[in-house]
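Student: Protein chains in written order, with our numbering: chain H, 1448 to 1774; chain G, 1448 to 1774. Below are the structure tokens for one structure; questions will follow.
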DNA sequence: CTGAAAGCGCTAACAG
DNA sequence: CTGTTAGCGCTTTCAG
């Protein structure tokens, strides 16, 4: 390039010691003029070299829950100079599979996955070869691996107990597709609280398959149109809550409005006075990243399973009493 | 590996023609057993080979506006098998610069940037060498390049005109740091509408430097505590609007609540009846990706500048009349 | 249909 | 302090 060997260029540009100030300077200016940059791909191709990317597979980057996770991961790994490759699976197992394969072909240093349903044993071979995988939000199927979860059952139980304590019995549940583990866990938690209280009326008010706000809105309307409508609603994710709020927004102020508790907080949750089961997506992403980094650093301990707490935030909607309680 | 040459393996695994069914089959099973995968890094290192990653630099992945952009970009590039490397700049020009350099070292196929302020001519050398760069949301400084913008001035003007038409004169403006082009454009649009209407009272109600909801909340409180408070508010981004809504939420229902229009829509915007200047972040990301892909495909036309429309969505908060208008 | 050789750009190891 | 060599894993080119 300017009379020096490639190795000297490498040393200078990487700020390694054992290069004279003068030579380094010359290399720097020459590189700047020629627009020369070190090629990270080549660097990472070398034998024994580790890649500096981390793969993240989430459901949908545009959902605040998942973008929060992504932000937490990014924040943590960037402190180590690692970059984030993100992809949305749309909750499609086949897409998750092909994206996973793509990430591995790219030799990501670690793979963080919010798993959709499906068998995840297809990663076992790679894990044995040293691939770091951390699952988020939902446990993988047929696999023992590091995983960061929410206390889904506990949160749902807290929601149910809260509503029960205000005298509600006819409590409707609106949730996502039952295929998702989070959905099932939340439903199980809810169910256990209801059973403990000896309440059975709610079963007829269970609505699933609502994957977006629109569907949840329709569910809410049909529930409230029943001859004996529910006196309370438990919406099991952020978009389900959004749908319910759209219906309740214009509800007549005659005391007939159902109580509402939603899983996941909302950006304007405090403004609309919606009671929620709150948690911290960004911290969840951060923890997953920390776990992955520990594995990269050689942590060989048994698979870790972290369950993050949830908190009931009472803001009003969950504290409305039933209008005409039948028990 | 199993008696075949590397080239045959390459051919088989890439599904190239001119490999016998039988051989291909053998390679496939052997690869599966050994957990062998093609190395994309090596592939992309080859001379003339193009990388299959696209870099995206945004302010903060956790802000729905930017995660929407990211989603739009991802959706579009994934159709071509390209993956997204995302990084948050926190609106820090120095960080933007170092992240940019990092992306280039990784040989991203294209770089999409929401620029913070600063001189962006440092990318010119790389652009001349064929690097595809598309700017989003804000124009770069001192550079002529492809850029996808919002009609910031037009949107702000529409907000001002709307409030003016309802009789407001004392209109407060709450905005982000003036350093940001979007802020200045919106303010300029607002100002032009006010000037055309011959209104000057608003200048004393201008508040900037509110980069989050918390600061905007404080601004709103102090504004409303003035001896002659504003009768309307124009909040210039999503988080500023959120802050204002927190204050207005518990405002006495005596007709003294200020009108409110916010720039950017909010997830629960329809539930809280907030009037907004709405636009489509995901489409913006998609357009940027489309532009970048066209350049990659050889489009050599002059730099393209797309201005995306905004729409005023009247939901109630922007249609409140002033309590005791002074004009 | 299959294989051998070359080279992408980098850095570790080993000389000067 | 600086240079040489080798090899990471892939695919293009050219020969079988």
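Even for Gly, the Cβ is constructed at its ideal location relative to N, Cα and C.
State buried or exposed for residue 1649 of chain H, treating a residue as buried only when at least 16 other CB atoms are found within 10 Å of its CB.
Tutor: Taking the first chain and counting its residues from 1, one reaches residue 1649 of chain H at position 202. Answer is buried; the Cβ neighbour count reaches 16.
Student: Can you tell me which of G:1579, G:1764 and G:1549 puts its alpha carbon nearest to the alpha carbon of residue 1679 of chain G?
Tutor: Indexing the second chain from 1 puts residue 1679 of chain G at position 232. Measuring from the Cα of residue 1679 of chain G, the nearest candidate turns out to be G:1764.
Student: Between which two residues does the beta strand (DSSP E) containing residue 1701 of chain H stretch?
Tutor: Walking along the first chain from the start, residue 1701 of chain H turns up at place 254. No beta strand (DSSP E) contains residue 1701 of chain H, which DSSP labels as neither H nor E.
Student: Do you know offhand how far residue 1635 of chain H's Cα is from residue 1512 of chain H's?
Tutor: Within the first chain, residue 1635 of chain H is the residue found at index 188, counting from 1. Within the first chain, residue 1512 of chain H is the residue found at index 65, counting from 1. Approximately 22 Å, taken between the alpha carbons.
Student: Could you confirm whether any beta carbon from chain G is found closer than 8 Å to the beta carbon of residue 1486 of chain H?
Tutor: As a first step, residue 1486 of chain H must be located in the first chain, where it is residue number 39. It does; some Cβ of chain G falls within 8 Å.
Student: Which of the residues in the stretch 1687–1720 of chain H, read from start to end, lie with their CB under 9 Å from any CB of chain G?
Tutor: For the stretch 1687–1720 of chain H, which is checked against every Cβ of chain G, the residues closer than 9 Å are 1689, 1692, 1693, 1695, 1696, 1713, 1714, 1715, 1716, 1717, 1718, 1719 and 1720.
Student: Name, going along the chain, the residues of the stretch 1520–1536 of chain G whose beta-carbon falls closer than 9 Å to a beta-carbon of chain H.
Tutor: Listed in sequence order: 1521, 1522, 1525, 1528, 1530, 1531, 1532, 1533, 1534 and 1535.
Student: DSSP three-state call for residue 1579 of chain G: helix, strand or coil?
Tutor: The residue given as residue 1579 of chain G occupies position 132 in the second chain. Looking at residue 1579 of chain G - three-state DSSP - the assignment turns out to be strand.
Student: Would you say residue 1540 of chain G lies against chain H (beta-carbon separation less than 8 Å)?
Tutor: Locating residue 1540 of chain G in the second chain gives position 93, where the first residue counts as 1. For residue 1540 of chain G, the answer is no, since every Cβ of chain H falls outside 8 Å of its Cβ.
Student: Mapping DSSP to helix, strand and coil, what is residue 1682 of chain H?
Tutor: Within the first chain, the letter at position 235 stands for residue 1682 of chain H. In the structure shown, residue 1682 of chain H sits in a strand (DSSP, three-state: E or B).
Student: Since I believe residue 1582 of chain G is in contact with residue 1594 of chain G (beta carbons under 8 Å), could you give me their beta-carbon distance rounded to a whole number of angstroms?
Tutor: Locating residue 1594 of chain G in the second chain gives position 147, where the first residue counts as 1. Locating residue 1582 of chain G in the second chain gives position 135, where the first residue counts as 1. The pair is a contact, with the Cβ atoms about 4 Å apart (cut-off 8 Å).
Student: Pick helix, strand or coil for residue 1604 of chain G, following the three-state DSSP scheme.
Tutor: Indexing the second chain from 1 puts residue 1604 of chain G at position 157. In the structure shown, residue 1604 of chain G sits in a helix (DSSP, three-state: H, G or I).
Student: Look at the Cβ atom of residue 1759 of chain G, then the Cβ atom of residue 1605 of chain G, and state whether they are nearer than 8 Å.
Tutor: By one-based count along the second chain, residue 1759 of chain G stands at place 312. By one-based count along the second chain, residue 1605 of chain G stands at place 158. Yes, the pair counts as a contact, with Cβ atoms nearer than the cut-off.
Student: Would you report the Cα separation of residue 1698 of chain H and residue 1530 of chain H, rounded to the nearest angstrom?
Tutor: Counting from one through the first chain, the residue named residue 1698 of chain H turns up at place 251. Counting from one through the first chain, the residue named residue 1530 of chain H turns up at place 83. Taking the straight line joining both Cα atoms gives about 47 Å.
Student: Going by alpha carbons, who is nearest to residue 1654 of chain G out of G:1719, G:1661, G:1667 and G:1660?
Tutor: Within the second chain, numbered from 1, the residue matching residue 1654 of chain G stands at position 207. For residue 1654 of chain G, the nearest C-alpha among the options comes from G:1667.
Student: Give me, in chain order, the residues of the same chain whose beta-carbon lies closer than 7 Å to that of residue 1563 of chain G; leave out the 5 immediate sequence neighbours on both sides.
Tutor: Taking the first residue of the second chain as 1, we reach residue 1563 of chain G at position 116. Here the set comprises 1536, 1538, 1539, 1540 and 1543.
Student: How far does the alpha helix (DSSP H) with residue 1585 of chain H in it reach, from first residue to last?
Tutor: Reading the first chain from its first residue, position 138 is the one you call residue 1585 of chain H. Careful: residue 1585 of chain H lies outside any alpha helix (DSSP H) and carries neither H nor E.
Student: For residue 1709 of chain H, which of H:1457, H:1620, H:1485 and H:1727 has the nearest alpha-carbon?
Tutor: As a first step, residue 1709 of chain H must be located in the first chain, where it is residue number 262. For the residues H:1457, H:1620, H:1485 and H:1727, the minimum Cα distance to residue 1709 of chain H belongs to H:1620.
Student: Look at the alpha carbon of residue 1646 of chain G and the alpha carbon of residue 1762 of chain G, and state the distance between them as a whole number of angstroms.
Tutor: Sequence index remark: in the second chain, residue 1646 of chain G carries index 199 (1-based). Sequence index remark: in the second chain, residue 1762 of chain G carries index 315 (1-based). In a straight line, the C-alpha of residue 1646 of chain G is about 25 Å away from that of residue 1762 of chain G.
Student: What is the rounded straight-line gap between the Cα of residue 1659 of chain G and the Cα of residue 1686 of chain G?
Tutor: By one-based count along the second chain, residue 1659 of chain G stands at place 212. By one-based count along the second chain, residue 1686 of chain G stands at place 239. When rounded, the distance between both Cα atoms is 5 Å.
Student: Could you say which of H:1726, H:1767 and H:1629 lies nearest to residue 1755 of chain H if we only look at CA atoms?
Tutor: Numbered from its first residue, the first chain carries residue 1755 of chain H at position 308. It is H:1726 whose Cα lies nearest to the Cα of residue 1755 of chain H.
Student: Pull the bridge partners of residue 1618 of chain H from the DSSP assignment, please.
Tutor: Stepping through the first chain from its first residue, residue 1618 of chain H is reached at position 171. In DSSP, residue 1618 of chain H forms a bridge with H:1679.
Student: Would you say residue 1519 of chain G and residue 1732 of chain G are within 8 Å of each other, going by their C-beta atoms?
Tutor: Here the question's residue 1519 of chain G lines up with position 72 in the second chain. Here the question's residue 1732 of chain G lines up with position 285 in the second chain. Going by C-beta atoms, residue 1519 of chain G is nearer than 8 Å to residue 1732 of chain G.
Student: Determine whether the Cβ of residue 1515 of chain G lies closer than 8 Å to any Cβ atom of chain H.
Tutor: Your numbering for residue 1515 of chain G matches position 68 in the second chain. Cβ-Cβ to chain H under 8 Å: yes for residue 1515 of chain G.
Student: Specify, as a first and last residue, the run of the alpha helix (DSSP H) that residue 1525 of chain H falls within.
Tutor: Taking the first residue of the first chain as 1, we reach residue 1525 of chain H at position 78. Here the alpha helix (DSSP H) through residue 1525 of chain H covers 1511–1525.
Student: According to DSSP, which residues form a beta bridge with residue 1477 of chain G?
Tutor: The residue you call residue 1477 of chain G lines up with position 30 of the second chain. DSSP, once it has assigned bridges, lists no residue as partnering residue 1477 of chain G.
Student: So who's on the other strand from residue 1531 of chain G, going by DSSP bridges?
Tutor: Counted from its first residue, the second chain places residue 1531 of chain G at position 84. Answer is H:1533 and G:1501.
Student: Would you mind telling me which residues of chain G sit closer than 7 Å to residue 1511 of chain H, beta carbon to beta carbon, in chain order?
Tutor: Counting from one through the first chain, the residue named residue 1511 of chain H turns up at place 64. The answer, in chain order, is 1511.
Student: Using beta carbons (cut-off 8 Å, strictly below), is residue 1651 of chain G in contact with chain H?
Tutor: Within the second chain, the letter at position 204 stands for residue 1651 of chain G. Chain H, which has no Cβ nearer than 8 Å to the Cβ of residue 1651 of chain G, makes this no.
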